[in-house]
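K.L.:
Here it is, the structure in full.
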Amino acid sequence: MPGLSSPRYRGIFPVAPTTFHEDGTLDLASQKRCVDFMIDSGVDGLCILANFSEQFLVSDDERETLTRTVLEHVAGRVPVIVTTTHTSTAICAARSRRAQDMGAAMVMVMPPYHGATFRFSEAQIHAFYA
């Protein structure tokens with residue numbers, strides 16, 4: 115894309131697991147250690163709140179807390195991708211704007227889906243992103 119001003123990222127961007135206490139609450143101290151370990155291991159960036167990160171287990175408030183905590187802790191050491199997937203276009207767009215406002219290098223949005231047998235048509239997926 116000519117004139118693209120955003121940086122192009124390359125390298126290894128693993129999905130960071132979300133860490134929890136035994137009672138199911140976010141373990142932010144452990145989350146910071148996890149992020150530090152990944153950065154110290156030489157990754158080129160991180161991705162948070164993807165499916166592997168148990169994004170569907172966290173509330174909207176927890177999502178906000180986790181995103182802010184990770185972005186502030188990383189403090190620009192590596193770019194961070196924040197997954198903002200939601201079935202609602204409006205909610206997905208709002209999550210994406212919020213993540214960018216907090217300092218996400220980019221956002222990752224998966225096409226809407228729900229369950230193993232429920233599928234959106236190609237036209238519906240296009241409309242979601244339009």
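Going by my numbering, the first residue of the sequence shown is number 115, and it counts up by one from there. A virtual CB, placed ideally from N, CA and C, is assigned to each residue, including glycine. Predicted model only: the values in this text are computed from it and were never measured.
Classify M216 as helix, strand or coil using the three-state DSSP reduction.
P.N.:
Taking the first residue of the sequence shown as 1, we reach residue 216 at position 102. If DSSP states are grouped into helix, strand and coil, M216 belongs with the helices.
K.L.:
Please list the terminal residues of the continuous alpha helix (DSSP H) segment that includes Y223.
P.N.:
As a first step, residue 223 must be located in the sequence shown, where it is residue number 109. Looking at the sequence provided, one finds Val at residue 223 rather than Tyr. Looking at the DSSP string, V223 is not in any alpha helix (DSSP H), and its letter there is neither H nor E.
K.L.:
Below 8 Å on the Cβ atoms is my contact criterion, and I expect T197 with A164 to pass it. Report the Cβ-Cβ distance as a whole number of Å.
P.N.:
Position 83 of the sequence shown, counting from 1, holds the residue named residue 197. Position 50 of the sequence shown, counting from 1, holds the residue named residue 164. Yes, they are in contact, since the Cβ atoms of T197 and A164 sit about 5 Å apart, within 8 Å.
K.L.:
Spell out the partners DSSP gives F134 in its beta bridges.
P.N.:
For the purposes of this step, residue 134 is taken as residue 20 along the sequence shown, with counting starting at 1. L140, per the DSSP bridge assignment.
K.L.:
According to DSSP, V149 sits in a beta bridge with which residue or residues?
P.N.:
Start at 1 with the first residue of the sequence shown, and residue 149 comes out as number 35. DSSP output for V149 lists no bridge partner at all.
K.L.:
Classify T203 as helix, strand or coil using the three-state DSSP reduction.
P.N.:
For the purposes of this step, residue 203 is taken as the residue at position 89 of the sequence shown. Helix at T203.
K.L.:
Contact between the region 175-189 and the region 144-164 is defined here as three or more beta-carbon pairs at a separation below 8 Å; is this criterion met?
P.N.:
Touching, yes.
K.L.:
For A204, is the classification buried or exposed, using 16 other Cβ atoms within 10 angstroms of its Cβ as the cut-off for buried?
P.N.:
Along the sequence shown, one-based indexing puts residue 204 at 90. A204 comes out exposed.
K.L.:
Less than 9 Å separating the beta-carbons of V194 and L160?
P.N.:
Numbered from its first residue, the sequence shown carries residue 194 at position 80. Numbered from its first residue, the sequence shown carries residue 160 at position 46. For V194 and L160, yes; Cβs fall inside 9 Å.
K.L.:
Do D158 and R124 have their CB atoms nearer than 9 Å?
P.N.:
As a first step, residue 158 is located in the sequence shown; it is residue number 44 there, counting from the start. As a first step, residue 124 is located in the sequence shown; it is residue number 10 there, counting from the start. Yes, Cβ-Cβ distance for D158 and R124 is below 9 Å.
K.L.:
With DSSP as the reference, identify every bridge partner of V196, one or two as the case may be.
P.N.:
For the purposes of this step, residue 196 is taken as the residue at position 82 of the sequence shown. Partner(s): I162 and V221.
K.L.:
Under the rule that 16 or more other beta-carbon atoms within 10 Å means buried, what is I162, buried or exposed?
P.N.:
If you number the sequence shown from 1, residue 162 lands on position 48. It counts as buried.
K.L.:
Under DSSP, the alpha helix (DSSP H) around E176 begins and ends at which residues?
P.N.:
Here residue 176 refers to the residue found at position 62 when the sequence shown is read from its first residue. Unbroken alpha helix (DSSP H) run through E176: D174 to V188.
K.L.:
Could you tell me the distance, in whole angstroms, from the CA atom of T132 to the CA atom of Q238?
P.N.:
The residue labelled residue 132 in the question sits at position 18 within the sequence shown. The residue labelled residue 238 in the question sits at position 124 within the sequence shown. Looking at the two C-alpha atoms, the distance is approximately 30 Å.
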